[in-house]
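Participant: Residue numbers for the sequence shown follow the working numbering, so the first one is 649 and each next one is one higher. I have a structure here, written as structure tokens, and I will follow up with some questions on it.
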Amino acid sequence: MVNAIFCAHGKLACAMLESVQMVYGDARVEAVEFVPGENAGDIVAKLEKLVSIHNQDEWLIAVDLQCGSPWNAAAMLATCAILVCG
């Protein structure tokens, strides 16, 4: 099963999660907010906590900006990465 995490600056990740829940109901999707005062290491810790819940599954981590802190944090966790952009 593929799980998804939205990881973004500010409230964007939670807003995206709310939209998904409106359409699909209870899905295997989580949100990680990057708030002022945090760094990429803080985001890595949040992502690792979520990934450890279903550590045998694949994860899709959707971020808001390439090369931003959420992107860098997700890249640190990638053991097998497929880049999708558009």
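Think of the CB as a built atom: it goes at the ideal place given N, C-alpha and C, for glycine as much as any other residue.
Excluding sequence positions up to five away, which residues of its chain have a Cβ less than 7 angstroms from the Cβ of LEU661?
Facilitator: If you number the sequence shown from 1, residue 661 lands on position 13. This sequence places Ala at residue 661; Leu is not what is there. So the list reads PHE654, CYS655, ALA679, VAL680, GLU681, once near-sequence residues are dropped.
Participant: If I follow the unbroken alpha helix (DSSP H) through VAL692, where does it start and stop?
Facilitator: Taking the first residue of the sequence shown as 1, we reach residue 692 at position 44. Unbroken alpha helix (DSSP H) run through VAL692: 688-701.
Participant: When burial is assigned at 16 or more other CB atoms within 10 Å of the CB, is GLY693 buried or exposed?
Facilitator: Position 45 of the sequence shown, counting from 1, holds the residue named residue 693. Sequence inspection shows Ala at residue 693; the Gly mentioned does not correspond to that position. It is exposed - the Cβ of ALA693 has fewer than 16 other Cβ atoms within 10 Å.
Participant: State the start and end residues of the unbroken beta strand (DSSP E) segment that holds ALA679.
Facilitator: Locating residue 679 in the sequence shown gives position 31, where the first residue counts as 1. It spans 677-682 - the beta strand (DSSP E) in which ALA679 sits, taken as one unbroken run.
Participant: With DSSP as the reference, identify every bridge partner of CYS655, one or two as the case may be.
Facilitator: Your numbering for residue 655 matches position 7 in the sequence shown. DSSP lists VAL680, VAL711 as partners of CYS655.
Participant: So is ILE709 buried or exposed if we call it buried at 16+ other beta carbons inside 10 Å?
Facilitator: Indexing the sequence shown from 1 puts residue 709 at position 61. Flag for ILE709 reads buried.
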